[in-house]
Amino acid sequence: MAVSRVTLQTPAGVCGLFRRQLLQPSLSHPTILSTRSIYGEYKRPGQPPDKRWPWEKIRFDFSKGVEGIQKHFGLLKDEFVGRLRGPEGRPLLDHMLEQTLVQWEFRGPESLDQWVVSSDKEIGGQSEAYLKLGKNNTTCMLYGTLCSVPPRDGETRYSGYCTLRSKQTLLSFDRKRHFDWSTFNTLYIRFRGDGRPWMINISAEMYFSHNKNDIYSYFLYTRGGPYWQEVKIPFSKFFLSSRGRIQDDQHCLWLDKVNNIGFTLGDKADGPFQLEIDFIALCIDRAHTEEFAYEKFKRNPEVP
Amino acid sequence: MPAILYFMFYASLGLGTSLTFLSSHWLTAWMGLELTTLAILPLMAQHHHPRASEATTKYLLVQASATGMLLFATILNGWVEMSWSINEMKNPYALTLAMSALALKLGLAPFHLWLPEVMQGLDLLTGLILSTWQKLAPFALLMQISQAMPPTLLTILGLSSATLAAWGGLNQTQLRKIMAYSSTAHLGWSVIILQFSPGLALMALGIYIMMTMAAFLTMKDMSSTKISTFSTSWSKSPEKMVAMILILLSLGGLPPMTGFTIKWLVLEELTKQDMYTPATLIVMAALISLYFYARLSYFTIISLFPGTTSIKTYWRQKNIKDKLILPIATTATLFLLPLMPLTLALTYFYN
């Protein structure tokens, strides 16, 4: 690109030149680097970047502040009281003796607030997904339409997914609350599907930013039909993937800090779908002693 | 990992600690501390799991900060007092900074929050090394500068360690975190008596190391890292689980096990020094710790949890040759209380 001599004479001009070269998309090559990709924020393809200053994104409000203080100190008080009772606010004897724990069940509209539904509509696709309570307010129904036509933004090549994911639960002062599932070794779900294959995703707490997209997944094959299906999936079967790519270096899921669980549909079959879930529980199968199902090959095998 | 690498790392661990023991100059002591820190890092990260990498990174950051603070304190003392000798640290600011650095290295409250998270990411053997061997070098330095430190600060460190560790360990279900809080609490007992009787503090540390070794080696044999696994381990080896209850009660300081020695002698020394309030507070904190050790013992073998088999013990065991270290550590943890007068005399000899 043509640059004037005046620009090259000042440091600010040279820096600006590098920034423009780096950050502006060119016609021949797709954008590899952008401000958002450098700093790790998600930018919806085809949308203009958010150029607001950080203080413009915050809404300052005194009453909101007072509510926040009351809410967070209330949660802190509950944590202290719960600590006297036992781990996670329940007596230790319950923790030791329980063989099944229902983690999520759908017994009213407030239970749907713990879940987030999304689809490829966020990236400009045409799939739709909705969540509602099932009959008698005892189940949740995830339904919608899948469409694998990619959005016409010049960047996205594949599309057609929808997902239901539990929200991250928070402690006082917006600290993350992790589930401690270490007593259990099996995921137990009662559901009713339409014959489509789903994927169950569990995300655990990660420390490094390069692990933030790590998800442990397994398949959930629905039978279809009016009958309920109960599935017990050992946690040893979950494999590690990152941003949808199965990793070579596999390891088992550590259950002491689990953040959320999700269900994803992306079977490239356009059309309506529905999945009805009764409950998501954990159980311990003492006959299942497998630690990890997948062989971890040695990357540097010893030469005999 | 090849055996030669294990040898190299363990040898470096030993070398670093020995270097710190033998130094009279702060720089060589610092070198020894750094050597032990760096030598244990590959041992922590050898299992390629994100939690192990997390534990290694957190450990490195904490220890490097602590050693940096210590170096800064010693340089400050060297600049002001014109002395690099460990025994001649007199500047109060340098002393306070050095004490904070050593407290951070040891995992004493209020600098203890890194220890449970790091321990949780490690395997049991590396956790044992972290709880025992890695305490020796910083404790040796703390002993050497303890006489010049403000007594109130040491008392506060000891009391807060015992109390906060007891509170923190109260509802843990992960055994490694329980052992981490146990480490902080026991070091609190050692530190509170350090100003009056360094020999007794050293003895308390030695007894703690023995008890921790017995506990960790038993957990390693049972492959137990959670209370729930512990509760079903009785069928694997009933004898070891019976010993484990006693080891846990010894950790809690219950007579007639060896762990009671620490509580008895430290309380006796504190009362001799007319420190009745700290003595009362620390023994109340020990009661909370004893509560969760006793609860762990109860769930280990006193109550029988449901299992899948109707037979009492497994008929097929893994073919493991039992090493001698576990029986030695267990015997020392349980039966050394009658030797208390001898060990007390030895501590007077050190003083």
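Quick note, the sequences are listed as chains A and B, same order. The first sequence begins at 1 in full-length UniProt numbering and counts up by one. The second sequence begins at 1 in full-length UniProt numbering and counts up by one. Ideal placement from N, C-alpha and C gives every residue a C-beta, glycine not left out. Since the model is a prediction, treat every value here as computed from it, not as a measurement.
Identify each residue in the stretch 185-209 of chain A for which the Cβ-Cβ distance to at least one residue of chain B is less than 8 Å, and report them in chain order. Met206, Tyr207 and Phe208
Do three or more CB pairs link the stretch 147-155 of chain B to the stretch 228-248 of chain B at distances below 8 Å? No, because fewer than three Cβ pairs between the stretch 147-155 of chain B and the stretch 228-248 of chain B fall closer than 8 Å, the two stretches do not touch.
Assumed close pair A/Arg175, A/Asn260 - CB separation to whole angstroms, cut-off 8 Å: Rounded, the Cβ-Cβ distance is 15 Å, inconsistent with contact.
At 7 Å on the CB atoms, spell out the chain B contacts of A/Arg83, in chain order. Leu170 and Asn171
Taking C-beta pairs closer than 7 Å, name the residues in chain A that B/Ile245 reaches, listed in chain order. Within 7 Å Cβ-Cβ: nothing; B/Ile245 doesn't reach chain A, min ~16 Å.
Cβ-based contacts, 9 Å cut-off: residues of the stretch 39-53 of chain B near chain A: Residues passing the 9 Å Cβ filter: His47, His48, His49, Pro50, Arg51 and Ser53.
Any beta-carbon of chain B closer than 8 Å to the one on A/Asn211? yes
Going residue by residue through the stretch 206-232 of chain B, where are the continuous beta strand (DSSP E) segments of at least 3 residues, counting only ones entirely within it? none
Checking contacts by CB at 8 Å: is A/Leu131 closer than that to chain B? A/Leu131 has a beta carbon lying at 8 Å or more from every beta carbon in chain B.
Report the neighbours of B/Gln273 on chain A: residues whose CB is nearer than 9 Å to its CB, in chain order. Near B/Gln273 there are no residues of chain A at all, since even the closest Cβ is about 33 Å away, more than 9 Å.
In chain B, which residues lie less than 8 Å from A/Pro87 when you measure between Cβ atoms? Asn171, Gln172 and Thr173
Sequence-distant residues of its chain with Cβ nearer than 8 Å to A/Lys135 (five each side left out): If you ignore the 5 residues before and after A/Lys135, its C-beta comes within less than 8 Å of no other C-beta in its own chain.
Within the same chain, show all residues whose beta-carbon is closer than 8 Å to that of B/Thr30, passing over the 5 residues directly before and after it, in chain order. A quick correction: the sequence has Trp, not Thr, at residue 30 of chain B. So the qualifying residues of the chain are Thr67, Leu70, Leu71 and Thr74.
For B/Leu128 and B/Glu117, what's the separation of their Cα atoms in angstroms? Distance between the alpha carbons of B/Leu128 and B/Glu117: 15 Å.
Could you check how far apart the C-beta atoms of B/Leu142 and B/Leu115 are, in whole angstroms? I think they sit under 8 Å. At roughly 16 Å, the Cβ-Cβ gap does not stay under 8 Å, so B/Leu142 and B/Leu115 are not in contact.
Where does A/Trp104 fall in DSSP's three states? strand
Residue range of the alpha helix (DSSP H) that A/Gly262 falls in? That residue, A/Gly262, is in no alpha helix (DSSP H); its beta strand (DSSP E) goes Val258 to Leu265.
Can a CB atom of chain A be found closer than 8 Å to the CB of B/Ile227? yes
Apart from the five residues just before and just after A/Lys212, which ones in its own chain have a Cβ nearer than 7 Å to its Cβ? Met206
Among the residues of its own chain, which have a CB less than 7 Å from the CB of B/Glu34, if the five just before and after it don't count? Thr67
If we count the other Cβ atoms within 10 Å of its Cβ and call it buried at 16 or more, is A/Ile38 buried or exposed? Caution is warranted here: a pLDDT of 45 is assigned to A/Ile38, below 50, making its placement in the model unreliable, and the coordinate value is therefore given only provisionally. Looking at its Cβ environment, which holds fewer than 16 other Cβ atoms inside 10 Å, A/Ile38 is exposed.
Do B/Ile40 and B/Leu130 have their CB atoms nearer than 8 Å? yes
Using a Cβ-Cβ distance under 8 Å, would B/Arg295 count as near chain A? Proximity of B/Arg295 to chain A, defined by a Cβ-Cβ separation below 8 Å, is satisfied.
For A/Glu205, the three-state DSSP class (helix, strand or coil): coil
A/Phe173 versus A/Phe73, A/Ala129 and A/Gln126, residue with shortest Cα-Cα distance: A/Phe73
Just to confirm the assignment: which complete beta strand (DSSP E) runs, minimum length 3, are found wholly within the stretch 249-281 of chain B? none
Are there 16 or more other CB atoms within 10 angstroms of the CB of B/Ile4, so buried, or fewer, so exposed? Counting Cβ neighbours within 10 Å, B/Ile4 comes out exposed, since fewer than 16 surround it.
Contact set for A/Glu276: own chain, Cβ-Cβ below 8 Å, skip 5 residues either direction: Gly134, Thr139, Cys140, Met141, Leu142, Phe191, Arg192 and Gly193
DSSP on A/Ser34, reduced to helix/strand/coil? The pLDDT assigned to A/Ser34 is 47, lower than 50, so where the model puts this residue is not dependable, and the model offers no usable value.
Check whether B/Pro205 and B/Lys135 have beta carbons under 8 Å apart: Residue identity check: residue 205 of chain B is Leu in the sequence provided, not Pro. Yes, the Cβ-Cβ distance between B/Leu205 and B/Lys135 is below 8 Å.
Chain A contact residues for B/Phe299, given Cβ-Cβ distances below 9 Å: Leu92, Leu93 and Met96
If I follow the unbroken beta strand (DSSP E) through A/Ser241, where does it start and stop? Phe239 to Ser242
Integer-rounded CB distance, given that B/Leu104 should sit under 8 Å from B/Ser65: 7 Å
For B/Gly253 versus B/Lys263, is the C-beta distance shorter than 8 Å? yes
Roughly how many angstroms lie between the CA atoms of B/Ala185 and B/Ser146, to the nearest whole one? 19 Å
Would a check of beta-carbon distances place B/Ser231 closer than 8 Å to chain A? Chain A contact via Cβ: present.
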